[in-house]
Each structure stands twice: as structure tokens, then as C-alpha cells.
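Student: I am attaching a structure below and will ask some questions about it afterwards.
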Amino acid sequence: MKLSSGQAKSFEEMTTLPKDLRATLQEKACISHMVRIEVQESMDGTKKYLFKLEDEHVIESVLIPERDHDTLCISSQAGAVPWIAVSALPPNRALSVT
91 MKLSSGQAKS FEEMTTLPKD LRATLQEKAC ISHMVRIEVQ ESMDGTKKYL FKLEDEHVIE
151 SVLIPERDHD TLCISSQAGA VPWIAVSALP PNRALSVT
């Protein structure tokens with residue numbers, strides 16, 4: 091099921107979903123946005139991204155291009171400092187689905 095065809099700011103904007111599902115999502119989930127603050131690209135095309143979450147913590151992700159697909163790794167730990175220091179220090183919190 092496709093949740094949204096764009097960047098919805100609320101579940102109510104996802105008019106392709108049944109109204110009862112939108113109501114359930116509104117009760118049990120949230121939509122939050124992150125801001126890309128840095129990208130580093132290596133010679134092989136691998137890109138490392140640093141994103142800032144709404145609570146000012148940061149997460150890293152890495153996009154690794156392969157011949158027939160891409161692999162995306164997303165950090166499940168949020169830290170307060172960028173890049174190497176993120177993995178060198180204990181995380182501030184784990185990401186959650188709420």
C-alpha cells in the first residue's frame with residue numbers, strides 16, 4: 091500500500107488512504123521531518139549523509155551504489171555530535187517509531 095505520493099505534513103493529507111486508517115495513524119503515529127545538513131561522497135560513489143532530527147540530534151546514513159541495486163544503511167542511534175564523534179561516543183537515544 092502506498093502511503094503518500096508526496097511529502098504530507100499530516101495523515102489527513104493522505105487522501106489515498108481510507109479515512110479510518112488515517113484516524114488510526116493520527117492516534118498512534120507521527121510524521122516528523124529531518125534536515126540534511128551534510129553529504130560526503132567517496133570516489134566509488136558512496137554517499138554518507140548527516141541529518142538533523144526535530145530534537146536537534148543527528149543521525150547518519152550511507153548510500154552504497156551497487157551494479158544492480160543500491161544499499162541504504164540508516165543509523166538507529168541518534169547522537170548530538172556529527173560524523174566520527176557519533177560512533178565514538180555513546181548514543182543520546184535510540185530512534186523510535188513514535
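Going by the numbering used here, the first residue of the sequence shown is number 91, and it counts up by one from there.
Beta carbons are placed, not taken as given, at the ideal position from N, Cα and C, and that holds for glycine.
(1) Measure the Cβ-Cβ separation of Arg112 and Glu128 and say whether it is below 9 Å.
(2) Using the three-state DSSP reduction, which class does Lys109 fall into: helix, strand or coil?
(3) Closest by CA to Ser151, which one among Arg157, Cys163 and Lys142?
(4) Hey, could you find the ends of the beta strand (DSSP E) Phe101 is sitting in?
(5) Just list the residues that DSSP pairs Asp160 with in beta bridges.
Tutor: With the given structure in hand:
(1) no
(2) helix
(3) Cys163
(4) First-last for Phe101: undefined, no H or E at that position.
(5) Pro155
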